[in-house]
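Everything in the sequence shown is counted per the numbering used here, starting at 1 for the first residue and increasing by one.
C-beta: ideal position from N, C-alpha, C; glycine also.
Contents: one structure, followed by commentary.
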Amino acid sequence: MSKYLAAFPLFFLLLSSNIECANELLPNFSELAEASSPAVVNISSSKTVSYSSRGFSPRGFNDPFDDDFFKRFFGERPNSGRKERQVRSGGSGFIISKDGYLLTNNHVVADADEILVSLSDRREFKAELIGSDVRSDLALLKIDAKNLPVVKIGKSKDLKVGEWVVAIGSPFQLNFSVTAGIVSAKGRSIPNGSDSSYVPFIQTDVAINPGNSGGPLFNLDGKVVGINSQIYTRSGGYMGVSFAIPIDYAMDIVNQLKEGGSVSRGWLGVSIQEVTSDFAKSLGLSVPKGALVSQVIPDSPAEKAGLQVRDVIIEFDGVKIIYSGDLPQTVGSIKPGSSVNALIIRDGKSRKIKVEVGELPENLSLASSPSENKSSDLGIVARELTFEEKNEKKLTHGLLVTVVNPEGLAAQLGIQKGDIITYLGNNKIRNNRDLSSALEKAKESSDAVMVGIVRNGVQTFRSLKLTK
């Protein structure tokens with residue numbers, strides 16, 4: 001027993017030694033926080049919103065006195081109609097020049113009547129909005145002050161996955177809070193339905209919460225490498241996935257806003273989707289990669305260059321396109337008017353085409369009696385498009401789905417009434433004969449085939465597997 005007791009001091013000595021070694025390996029963020037915090041600011045904005053008081057009681061229920069029946073007897077109530085109230089929001093930002101220029105997210109100050117900037121020394125300034133860019137979610141502000149503390153600007157392109165990074169901001173209005181983590185991924189595209197697909201986001205596991213928006217992301221050298229912008233959450237709070245705008249990308253936006261007050265981006269004019277493993281073989285690819293062109297916008301740079309539906313873009317201006325999200329980021333970073341090469345796969349063969357990149361439009365819009373026939377294979381009833389429908393929908397071919405069997409193959413693919421079938425395999429579908437013929441060919445193949453579907457003006461492809 002005594003020999004075991006004698007071993008305890010040695011055990012604790014080794015344990016404390018290991019703890020000290022671990023502490024030495026972990027970074028110390030205190031100096032970084034102390035040096036960088038003075039250039040980080042808290043931003044609060046306010047705007048006036050109008051709303052109608054008609055139809056709702058103060059408790060939120062429908063007000064019976066706004067009913068037409070009551071109005072006949074009691075007339076209009078006084079003070080009814082539209083009312084106004086002040087809405088305030090908050091976020092973070094950081095100073096990039098001693099004469100008062102600072103950066104934040106556009107959504108922090110969007111449509112604001114007044115923007116207040118608070119410094120760490122408790123000074124407050126009213127800020128002027130110099131320019132903003134909705135697509136990148138960036139805003140450039142200016143306050144009337146001199147000799148301000150500024151951040152050091154780093155290079156986001158030098159960031160490595162696994163590298164330590166630090167965020168300073170005001171989560172939940174807890175001013176100048178510091179959180180740390182690592183870079184989880186780079187060049188991340190977020191399919192959230194917005195135009196943010198043009199931003200090659202930095203993904204981190206730094207704790208970012210409401211109020212951190214617009215704040216800086218530092219590397220261990222104390223240099224800004226990103227602007228905290230978005231979080232992935234189901235609860236409204238941090239869940240381990242955060243996204244920052246790369247500072248290299250942001251500073252290019254800043255320069256454009258300073259010079260002209262607006263931002264120009266490259267534009268190709270296609271709708272794209274991911275190349276799945278089911279699609280790869282029928283497209284002539286050994287591995288699923290690239291951006292599958294599902295739609296070409298009329299009179300766009302893509303149409304003028306000769307790009308076609310079902311082309312797969314695997315390289316653009318020398319940049320490899322591995323995922324479909326790589327294409328918008330690459331095209332958007334190219335100066336409008338530039339002539340570049342694109343490498344595509346068409347009908348199983350690679351070819352190079354020349355494309356003159358256009359400028360992304362402000363408001364981009366993506367773009368006899370017909371016979372009706374039942375397709376028992378797919379479980380649909382479809383008819384040819386009329387001449388007027390083709391003109392209206394800007395299509396040269398397609399079958400309009402009028403009935404869908406809820407237990408059929410089409411329903412399993414997600415095809416709905418009102419969809420237009422444009423392709424099946426390598427075949428354009430102009431009428432029901434084309435569809436029947438293409439289905440027979442598909443049965444003879446052991447591979448899945450692609451089905452082109454147009455819904456609400458946007459074409460996508462689905463994978464279909466048929467058996468004999």
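Alpha-carbon spacing of asparagine 28 relative to threonine 179, whole angstroms: Each residue's Cα considered, the two are about 12 Å apart.
Distance CB(asparagine 98)-CB(leucine 148) smaller than 7 Å: Note that residue 98 is lysine in the sequence shown here, rather than asparagine. Yes, Cβ-Cβ distance for lysine 98 and leucine 148 is below 7 Å.
Three CB pairs or more closer than 8 Å across the stretch 314-327 and the stretch 280-291: Taking 8 Å as the limit for Cβ pairs, the verdict is that the stretch 280-291 does touch the stretch 314-327.
Backbone CA spacing between glycine 469 and arginine 383 [nearest angstrom]: It is not possible to answer for residue 469, since the shown part of the chain is limited to 1 through 468.
Backbone secondary structure at asparagine 192 - three-state DSSP: Confidence in asparagine 192 is poor, its pLDDT being 49 and thus under 50, which makes the residue's placement unreliable; the coordinate value appears in the next sentence. For asparagine 192, the secondary structure class from DSSP, reduced to helix, strand or coil, is coil.
Length of the line joining the Cα atoms of asparagine 219 and leucine 129: Whole-angstrom Cα-Cα distance: 28 Å.
Local conformation of glycine 169 per DSSP, three classes: The answer is strand: DSSP assigns glycine 169 an E or B state.
Valine 451 versus leucine 424 - alpha carbon distance: So the two alpha carbons sit approximately 5 Å from each other.
Complete beta strand (DSSP E) runs within the stretch 88-116 (minimum length 3 residues, chain order): Entirely contained in the stretch 88-116, the beta strand (DSSP E) runs reaching 3 residues are, in chain order, 101-105.
Inter-residue spacing [alpha-carbon to alpha-carbon] between glutamine 308 and arginine 265: Whole-angstrom Cα-Cα distance: 22 Å.
Span separating the alpha-carbon of serine 45 from that of glycine 337: Each residue's Cα considered, the two are about 38 Å apart.
Simplified DSSP assignment, three categories, for methionine 450: It is a strand residue.
7 Å Cβ cutoff met for glutamate 356 and serine 339: Contact flag set, yes.
CB contact flag (isoleucine 227, isoleucine 208, <7 Å): Contact: no.
Beta bridge counterpart(s) of glutamine 295 as assigned by DSSP: Ser271, per the DSSP bridge assignment.
Nearest residue (CA-CA) to glutamate 469, options Lys349, Gly261 and Ala167: Nothing about residue 469 can be read from this structure; the chain reaches only from 1 to 468.
First through last residue of the alpha helix (DSSP H) which encompasses proline 328: Segment 326-332, the alpha helix (DSSP H) holding proline 328.
Exposure of threonine 204, with buried meaning 16 or more beta-carbon neighbours within 10 Å: Burial call: buried.
Rounded Cβ spacing between isoleucine 380 and valine 404 (contact assumed at less than 8 Å): Going by Cβ atoms, the distance from isoleucine 380 to valine 404 rounds to 5 Å, so yes, they are a contact pair.
Sheet register partners of lysine 349 (DSSP bridge): Beta-bridge pairing links lysine 349 to Arg346.
Rounded C-alpha distance that separates arginine 430 from valine 454: Taking the straight line joining both Cα atoms gives about 14 Å.
From Arg351, Arg85, Pro298 and Tyr232, residue whose alpha carbon lies closest to that of glutamate 315: Here the closest residue by C-alpha is Arg351.
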